[in-house]
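Everything on this sheet refers to the single structure shown next.
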Ligand code: SF4
């Protein structure tokens, strides 16, 4: 099926025809096209991959490495403290080190860009939404904040694609992440790689790889509100 046939006339993923699988279908179809281009001698495309943490990135990098030269983009102003930010960033780098030594011969490059910790954009965007349930309006804004920055950086640095590890988590709504990515792509002109990394046992793979690489797996999503929620449950 042609890639274009998955969209409505006004350019949106055709959810009424393909249902909630549409984002996975778009992802598979796009990867098949890229694979054909590489096999016929075309350039390996570059991807700026927003990553929330090492564990989530583990399965995503493993799945995408045959198709892209990947640069991991660690930008997460949502995280509640510098200490936690550093811990997650250090474990991100730990996974990249593990992957470079155990990547089964994939020879496409994986590199890393890290933004300094600055939580002000998160509070400027999500302030007033602290009472929202996880998965609600605050999370929509949090996704948009991180994906808009990733898209702008990808466009500025000349990447072919940008995407995010966020859809590997069962706690993150695939549709919301993808529509935030689409919106960011429209603003910048850089192509959004649709995804549903939960599929094909993506989440289970992330747990397995995190154990193999001895990664720290955090117990809360990232912001102070998700941490307070976790503490209330204890
Ligand atoms: S719960 Fe997670 S996605 Fe939602 S606002 Fe907090 S850090 Fe962002």
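Residue numbers (the working numbering): 215 to 448.
Quick reminder that beta carbons are idealized off the backbone N, C-alpha and C, glycines included.
Backbone secondary structure at residue i - three-state DSSP
i: residue 259; result: coil
i: residue 411; result: coil
i: residue 405; result: strand
i: residue 227; result: strand
Residue i CB to nearest heavy atom of the ligand ADP below 7 Å
i: residue 270; result: The model depicted lacks the ligand ADP and carries the ligand SF4 instead.
Which listed residue (the options) has its alpha carbon closest to that of residue i
i: residue 423; options: 308, 348, 362; result: 308
i: residue 427; options: 317, 351, 415, 236; result: 317
i: residue 299; options: 268, 389, 263; result: 268
i: residue 363; options: 220, 263, 248; result: 263
i: residue 311; options: 395, 412, 286; result: 286
i: residue 378; options: 288, 429, 433, 440; result: 288
i: residue 249; options: 371, 224, 349, 322; result: 322
i: residue 302; options: 343, 352, 433; result: 433
i: residue 417; options: 438, 439, 388, 400; result: 388
i: residue 283; options: 371, 304, 259, 232; result: 259
i: residue 296; options: 358, 438, 217, 275; result: 438
i: residue 315; options: 276, 230, 226, 220; result: 276
i: residue 385; options: 359, 401, 412, 220; result: 412
i: residue 431; options: 237, 272, 226; result: 272
i: residue 239; options: 444, 440, 414; result: 414
i: residue 429; options: 313, 447, 246; result: 313
i: residue 463; options: 447, 441, 280, 367; result: In the structure as shown, the chain starts at 215 and stops at 448, and residue 463 therefore has no counterpart that could be examined.
i: residue 325; options: 359, 383, 261, 348; result: 261
i: residue 341; options: 218, 347, 352, 253; result: 352
i: residue 349; options: 236, 443, 253; result: 443
i: residue 421; options: 253, 400, 270; result: 270
i: residue 331; options: 304, 347, 345, 346; result: 304
Residue i - containing beta strand (DSSP E), residue span
i: residue 288; result: 283-288
i: residue 327; result: 324-328
i: residue 376; result: 375-378
Nearest-angstrom beta carbon gap, residue j and residue i [assumed within contact, 8 Å]
i: residue 375; j: residue 329; result: Not a contact, Cβ separation roughly 19 Å.
i: residue 436; j: residue 327; result: Residue 436 to residue 327, Cβ: 19 Å. No contact.
i: residue 369; j: residue 403; result: 6 Å
i: residue 398; j: residue 365; result: 4 Å
i: residue 407; j: residue 244; result: 7 Å
i: residue 357; j: residue 390; result: 6 Å
i: residue 355; j: residue 343; result: 7 Å
i: residue 291; j: residue 333; result: 5 Å
i: residue 409; j: residue 226; result: Not quite, the Cβ-Cβ distance comes to about 16 Å (not below 8 Å), so this is no contact.
i: residue 228; j: residue 220; result: 6 Å
Terminal residues of the alpha helix (DSSP H) in which residue i lies
i: residue 316; result: Here residue 316 belongs to no alpha helix (DSSP H), and DSSP marks it neither H nor E.
i: residue 275; result: 268-278
i: residue 233; result: Note, residue 233: premise wrong, no alpha helix (DSSP H); not H, not E.
i: residue 336; result: 334-340
i: residue 422; result: 416-426
i: residue 441; result: 438-447
Start-end ranges of the beta strand (DSSP E) lying completely within the stretch 346-372, minimum 3 residues:
none
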